[in-house]
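Down below is the structure, laid out as structure tokens.
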Amino acid sequence: MEACLGLEAFVTPARVRNKDIISVAGHWPRMSARTVPTARQPVSFSGHFIAPSMPNSRSWVASHALSAPSGADGAQEPSPSSMLEFVELAHQLADAAGEILLKYFRKRIEITDKEDLSPVTIADQAAEQAMRSLVSKRFPSHAIFGEEWGLESPTEDIEFVWVLDPIDGTKSFITGKPVFGTLISLLYREIPIIGIIDQPVLRERWVGVKGKKSILNGEEIETRLCSSLSNAYLYTTSPHLFLGAAAEAFSRVRDKVKVPLYGCDCYAYGLLAAGHVDLVIESGLKPYDFLALVPVVEGAGGLLTDWKGQPLRWWPSPAGKLHGTDVIAAGDKRIYEAALAALHGN
């Protein structure tokens with residue numbers, strides 16, 4: 001699993017830096033409610049400090065939100081000033097969730113199975129509730145959709161929906177593996193315009209804003225070139241999550257790549273956006289699993305679509321039923337097209 005570890009860490013400007021060092025190659029410090037870090041510390045693969053060069057959050061947002069994204073009807077909304085507020089709130093949500101997750105990470109907590117047999121903990125629930133409270137207080141007209149508590153909408157006529165997954169990779173979280181993440185997305189008329197992947201233990205934060213360069217720890221990132229599947233490193237959470245025809249389709253790609261790798265959940269997409277991985281292919285994802293990933297991957301120069309090559313969009317429906325989506329992410333258009341063809345048996 002060494003491929004899952006590393007990446008330099010995000011320094012949250014609003015926090016005061018402390019002197020804790022988390023060594024990716026070494027031991028992990030014990031964390032409790034009193035020792036939750038108040039800042040993200042830059043680390044390298046060897047655990048040495050990397051001098052941070054990140055500007056403050058407001059200056060970064062201002063420079064990366066000079067033009068507002070177009071809505072589904074082409075309208076130039078929201079305004080740049082609104083985008084500034086939205087991104088700042090997204091950072092606050094990640095901070096709030098991160099503090100809670102660190103409080104419970106590697107602690108003995110009760111684990112409950114949901115109807116679909118996926119695990120849930122007090123950490124999932126408390127982190128989502130904290131984020132919901134912040135959104136409701138700051139933007140009461142916005143809807144909220146989260147993995148644990150579903151849809152909360154002040155009206156049927158909405159333009160903005162915050163989509164929250166407090167712990168993407170709960171199985172990693174409950175087994176002490178720091179490759180889970182908090183996913184935060186803001187949708188404007190079905191389109192994900194802001195996305196955050198936050199890993200509080202490694203202190204890494206990927207931020208994507210539609211139409212702008214994605215960043216990791218304050219530095220712009222980009223995917224790497226890879227011209228053929230035979231040279232590609234492929235990630236998926238688990239090969240056992242593919243069923244029936246989807247399993248056969250995945251195996252066709254897996255058999256063509258250089259190295260297939262497993263684990264990491266949302267963290268694999270962060271690795272792809274930062275240029276460490278070439279492909280991520282998954283099946284049956286829910287909206288809260290993939291919407292935050294779209295601006296991050298696309299802003300790094302990658303592609304992220306369903307297996308039909310269609311953009312990933314979503315909007316709450318009155319029925320409320322969620323359907324699984326088969327997802328493919330690639331850092332290079334050439335292997336994206338090759339993998340898509342292999343998925344369809346071509």
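First residue of the sequence shown: 1, per full-length UniProt numbering; consecutive thereafter. Glycine included, C-beta positions come from ideal geometry on N, C-alpha and C.
Is it right to say residue i is buried, meaning 16 or more other beta carbons lie within 10 angstroms of its own, or is it exposed?
{"i": "Arg-108", "result": "exposed"}
{"i": "Asp-157", "result": "exposed"}
{"i": "Gly-181", "result": "buried"}
{"i": "Ser-172", "result": "buried"}
{"i": "Ile-184", "result": "buried"}
{"i": "Ala-292", "result": "buried"}
{"i": "Thr-325", "result": "buried"}
{"i": "Pro-287", "result": "buried"}
{"i": "Gly-176", "result": "exposed"}
{"i": "Glu-298", "result": "buried"}
{"i": "Gln-92", "result": "buried"}
{"i": "residue 372", "result": "The structure shown does not extend to residue 372, since the chain is modelled only from 1 to 346, so the question has no answer here."}
{"i": "Glu-337", "result": "exposed"}
{"i": "His-142", "result": "buried"}
{"i": "Val-259", "result": "exposed"}
{"i": "Lys-308", "result": "exposed"}
{"i": "His-240", "result": "exposed"}
{"i": "Glu-282", "result": "buried"}
{"i": "Asn-217", "result": "buried"}
My output table needs one value for residue i: the three-state DSSP class, helix, strand or coil.
{"i": "Pro-78", "result": "coil"}
{"i": "Phe-242", "result": "coil"}
{"i": "Ile-122", "result": "helix"}
{"i": "Leu-225", "result": "coil"}
{"i": "Ser-185", "result": "strand"}
{"i": "Asp-255", "result": "coil"}
{"i": "Asp-198", "result": "strand"}
{"i": "Val-148", "result": "For the record, residue 148 in the displayed sequence is Glu; it is not Val. Glu-148 falls in the coil class under three-state DSSP."}
{"i": "Pro-295", "result": "helix"}
{"i": "Glu-85", "result": "helix"}
{"i": "Glu-190", "result": "coil"}
{"i": "Gly-98", "result": "helix"}
{"i": "His-91", "result": "helix"}
{"i": "Leu-66", "result": "The predicted model places Leu-66 with a pLDDT of 35, which falls under 50 and marks its position as unreliable, so this point remains unresolved."}
{"i": "Arg-132", "result": "helix"}
{"i": "Lys-177", "result": "coil"}
{"i": "Phe-105", "result": "coil"}
{"i": "Ser-44", "result": "Per-residue confidence for Ser-44 stands at a pLDDT of 28, beneath the threshold of 50, marking its modelled position as unreliable; no derived number is given."}
For residue i, which beta-bridge partners are listed by DSSP?
{"i": "Ser-153", "result": "Ser-153 pairs with nothing; no bridge assigned."}
{"i": "His-112", "result": "The residue you asked about is not His; residue 112 is Thr in the sequence shown. In DSSP, Thr-112 forms a bridge with Val-120."}
{"i": "Leu-216", "result": "Trp-206 and Glu-219"}
{"i": "Gly-261", "result": "Note on identity: in this sequence residue 261 is Leu, with Gly being the wrong assignment. Note: Leu-261 sits in a beta bridge opposite Tyr-235."}
Following the continuous beta strand (DSSP E) through residue i, name the residue where it begins and the one where it ends.
{"i": "residue 352", "result": "Coverage of the chain is limited to positions 1 through 346, which leaves residue 352 absent and any answer about it impossible."}
{"i": "Phe-139", "result": "No beta strand (DSSP E) holds Phe-139; DSSP gives it neither H nor E."}
{"i": "Leu-234", "result": "233 to 236"}
Residue i lies in the alpha helix (DSSP H); which residues open and close that run?
{"i": "Gly-284", "result": "Unbroken run through Gly-284 is the beta strand (DSSP E), 279 to 285; no alpha helix (DSSP H)."}
{"i": "Gly-208", "result": "Not the alpha helix (DSSP H): Gly-208 falls in the beta strand (DSSP E), residues 204 to 209."}
{"i": "Leu-272", "result": "267 to 273"}
{"i": "Leu-340", "result": "333 to 343"}
With a threshold of 8 Å between beta-carbons, can residue i be considered close to chain C, or not?
{"i": "Pro-166", "result": "Chain labels in this structure do not include chain C; a single protein chain is all it has."}
Could you name each continuous beta strand (DSSP E) segment of 3 residues or more that falls completely within the segment 298 to 331, going from the start of the chain to the end?
303 to 306 and 325 to 330
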